[in-house]
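Worksheet: the structure to be examined is printed underneath.
There are 2 protein chains.
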Amino acid sequence: LALQSQTNPHFLFNALTTIAFKTIQYTGGPNDATRMIDHLSRILEYSLTDPEREATLADEFAHARNYVAIQEFRYRDLFRVEWELDPEASTCGAIKMLVQPLIENAIYHGLQGSDRRGTIAARCRLDGSTVSLTIADDGRGMSDERIEELRAMIEADHVGGGTIGLVNTCRRLKLRYGAAGSYLIESEPGNGTRIMLRFPAIRIGCA
Amino acid sequence: LALQSQTNPHFLFNALTTIAFKTIQYTGGPNDATRMIDHLSRILEYSLTDPEREATLADEFAHARNYVAIQEFRYRDLFRVEWELDPEASTCGAIKMLVQPLIENAIYHGLQGSDRRGTIAARCRLDGSTVSLTIADDGRGMSDERIEELRAMIEADHVGGGTIGLVNTCRRLKLRYGAAGSYLIESEPGNGTRIMLRFPAIRIGCA
Chain A
2 LALQSQTNPH FLFNALTTIA FKTIQYTGGP NDATRMIDHL SRILEYSLTD PEREATLADE
62 FAHARNYVAI QEFRYRDLFR VEWELDPEAS TCGAIKMLVQ PLIENAIYHG LQGSDRRGTI
122 AARCRLDGST VSLTIADDGR GMSDERIEEL RAMIEADHVG GGTIGLVNTC RRLKLRYGAA
182 GSYLIESEPG NGTRIMLRFP AIRIGCA
Chain B
2 LALQSQTNPH FLFNALTTIA FKTIQYTGGP NDATRMIDHL SRILEYSLTD PEREATLADE
62 FAHARNYVAI QEFRYRDLFR VEWELDPEAS TCGAIKMLVQ PLIENAIYHG LQGSDRRGTI
122 AARCRLDGST VSLTIADDGR GMSDERIEEL RAMIEADHVG GGTIGLVNTC RRLKLRYGAA
182 GSYLIESEPG NGTRIMLRFP AIRIGCA
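Those protein sequence lines, which keep their order, are chains A and B.
Be aware that the first sequence starts at 2, since it is given in our numbering, and climbs by one per residue.
Be aware that the second sequence starts at 2, since it is given in our numbering, and climbs by one per residue.
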């Protein structure tokens, strides 16, 4: 989009930096506020600059970790995340904002409202020349009808359900990789949800 | 853009709110950090939600004031802004992000680096059925050659200079209002810069 009407990301980073300095004055050193600001600055940097640029899976996992760090401040006891990124896969390319929306989805649609602490597993490995990315939660799960509904939204030509992170992400996967990209949704009421994405492994980073 | 890859604006607001609560714990009440966060939250809200929605000039001035409030924290003695928004004009429609980028432009290209405190005047009035918006600074000004360069960038079919707020804003004005929108750049080295935009007055807000 050539004619952007967005706020200059540099302005946002600079404002956050000024806020962080102010709070350091209050406590005499780094504190929870500065740590949150640090994560938030990295999130803004990643999401506001060059959304079309291809990222590596290492970038994607780093971004998702910053997101989770902020959410952990907010929902201390709601969940924990197990991260597993195969070094072989970490230097492969990925569309930006692939991992974080799936984790967001797991938090809000899988775990929130549960009375026990949930676990989200974020795993990425190489399967020959294919990247296999799995985000699984042990939350409340979904019915077959709901899975079918989501699948219909993903496959629909018209835009709908675009505010649902899972739908949006699977659509972007198909748009970018065509038939070479695939998704799988496994879920059962009471037994969590497991999203698996597969797409071609293209090495773009340095090992 | 249906398939956005942006960070959920709600997440950003919520994170900023959590940071503000943390800093209130440090000082026992509202402080400079919470005030900056408040301005920043409003800026994010305005710039990240519905960029295509038509705003009123009241919205535009409120957004520019939040932007200036943050910049005043950062550059305390660099500049001051005189605001003048005709109540008649305030309920008229405007494309979003019309005023703030021109003020940003005045700060960074007009005033920064000057050894005295500059003044920016932001004025908007109705001129019959036309909105007349003027952003003027008393900073270092520009040569005729530079004005011609900017004009060429604005009128060019290809994209270039799009990172310059002034160029971007004038282009968006033309794109939105066609021949009914016009811009005027007046400047002289050492004698400040004056940008005047004119576009049809369409009342969309409540008086």
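Think of the CB as a built atom: it goes at the ideal place given N, C-alpha and C, for glycine as much as any other residue.
Strand pairing of residue i, partner residues [DSSP]
i, result
"B/Tyr178", "According to DSSP, B/Tyr178 bridges with nothing at all."
"A/Glu10", "Reading the sequence as shown, one finds Pro at residue 10 of chain A and not Glu. Bridge partners of A/Pro10: none, in fact."
"A/Glu187", "A/Arg195"
"A/Phe80", "A/Gly119"
"A/Ser133", "A/Arg126, A/Arg199"
"A/Glu85", "A/Arg124"
"B/Ala56", "B/Ala95"
"B/Arg141", "B/Arg141 pairs with nothing; no bridge assigned."
"B/Arg204", "B/Cys93"
CB contact check: residue i to chain A, cutoff 7 Å
i, result
"B/Phe22", "no"
"B/Thr28", "yes"
"B/Pro10", "no"
"B/Ile155", "no"
"B/Thr135", "no"
"B/Ala41", "The sequence given here has Leu at residue 41 of chain B, not Ala. Closer than 7 Å: yes."
"B/Thr19", "yes"
Neighbour flag for residue i against chain B, beta carbons, 7 Å
i, result
"A/Met143", "no"
"A/Met229", "Coverage of chain A is limited to positions 2 through 208, which leaves residue 229 of chain A absent and any answer about it impossible."
"A/Asp33", "yes"
"A/Ala16", "yes"
"A/Thr131", "no"
Residue i CB to nearest heavy atom of the ligand SAH below 6 Å
i, result
"B/Arg173", "This structure simply doesn't include the ligand SAH, nor any ligand for that matter."
* Segment contact, 8 Å Cβ cut-off, at least three pairs: the stretch 85-93 of chain B with the stretch 37-46 of chain B -> no
* Inter-stretch contact at 8 Å, needing at least 3 Cβ pairs: the stretch 133-146 of chain B / the stretch 197-207 of chain B -> yes
* Asked: Taking three-plus beta-carbon pairs below 8 Å as touching, is the stretch 138-150 of chain B in contact with the stretch 184-194 of chain B?
  -> yes
* Asked: Listed in chain order, which residues of the stretch 187-206 of chain B have Cβ atoms closer than 7 Å to some Cβ of chain A?
  -> none
* **Members of the stretch 60-75 of chain B near chain A, C-beta cut-off 8 Å** => Tyr68, Ile71, Phe74, Arg75
* To do: Pull out every residue of the stretch 85-96 of chain A whose Cβ sits closer than 7 Å to any Cβ of chain B, in chain order.
  => none
* Asked: Between the stretch 18-36 of chain A and the stretch 94-104 of chain B, do three or more beta carbon pairs fall short of 8 Å?
  -> no
* So, do the stretch 113-121 of chain B and the stretch 163-183 of chain B have three or more beta carbon pairs nearer to each other than 8 Å? -> no
* the stretch 53-68 of chain A contacting the stretch 63-72 of chain B, beta-carbon criterion three pairs below 8 Å -> no
* **Any 3 or more C-beta pairs closer than 8 Å across the stretch 168-176 of chain A and the stretch 14-23 of chain B** => no
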